[in-house]
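Undergrad:
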Amino acid sequence: MMALSLHQPWATLIAQGRKRFETRSWRTGHRGELLICAAKKRPSNVQLEFFGLSREDCPLGVAVATVDLVDCSPMTDELIRQQSDEELEAGNWRSGRYAWKLENVNLFR
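Here UniProt numbering is used: the first residue of the sequence shown is 1, the next is one more, and so on.
1) Could you have a look at threonine 76 and say whether DSSP puts it in helix, strand or coil?
2) How would you call lysine 19, buried or exposed, if buried means at least 16 neighbouring beta carbons within 10 angstroms?
3) So, are the CB atoms of valine 67 and asparagine 106 less than 9 Å apart?
4) Alpha carbon to alpha carbon, how far is alanine 90 from leucine 4?
5) In the DSSP output, which residue or residues are listed as bridge partners for isoleucine 14?
6) Who are the Cβ neighbours of methionine 2 in its own chain at under 6 Å, not counting the five residues just before and after it?
7) Pairs of beta-carbons, one from the stretch 43-60 and one from the stretch 10-26, closer than 8 Å: are there three or more?
8) Roughly how many angstroms lie between the CA atoms of tyrosine 98 and glutamine 83, to the nearest whole one?
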């Protein structure tokens, strides 16, 4: 199984189903199950407050969920306009990047 490590709070936002796209500078051909892992870097208090999370919500250095990676699209103005404010804040939506579409979250307890 392929894995993707993310800093917190991004890993938790994916695990909670609140972040439906992971934005990356590179395209992937992978489709299917993807293990979401939380890196050991602590999130800032500003990030936690913005997303309404606590430190307890954001474990470090562990796998937090699996998801299905179903699509990888280049950034377009149309795709960006379709996103919620929270989704836009949770990613880097600049031109030239890619949006990995995530579905079917399986949160680890």
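Just so you know, even glycine gets a beta-carbon here, dropped at the ideal spot from N, CA and C.
TA: Inspection of the coordinates gives the following:
1) What you label residue 76 is simply residue 76 of the sequence shown in a count that begins at 1. In the three-state reduction of the DSSP assignment, threonine 76 falls in the coil class, being assigned neither a helical nor a strand state.
2) As a position in the sequence shown, residue 19 is number 19, starting the count at 1. When all chains shown are included, lysine 19 counts as buried.
3) Within the sequence shown, residue 67 is the residue found at index 67, counting from 1. Within the sequence shown, residue 106 is the residue found at index 106, counting from 1. Remark: C-beta atoms of valine 67 and asparagine 106 approach each other more closely than 9 Å.
4) By one-based count along the sequence shown, residue 90 stands at place 90. By one-based count along the sequence shown, residue 4 stands at place 4. Approximately 16 Å between the Cα atoms of the pair.
5) In the sequence shown, counting from the first residue as 1, residue 14 sits at position 14. In DSSP, isoleucine 14 forms no bridge with anything.
6) What you label residue 2 is simply residue 2 of the sequence shown in a count that begins at 1. Sequence-distant Cβ neighbours of methionine 2 in its own chain, meaning closer than 6 Å and more than five residues away, are His30 and Leu34.
7) yes
8) Sequence index remark: in the sequence shown, residue 98 carries index 98 (1-based). Sequence index remark: in the sequence shown, residue 83 carries index 83 (1-based). If I take the Cα positions, the gap works out to 14 Å.
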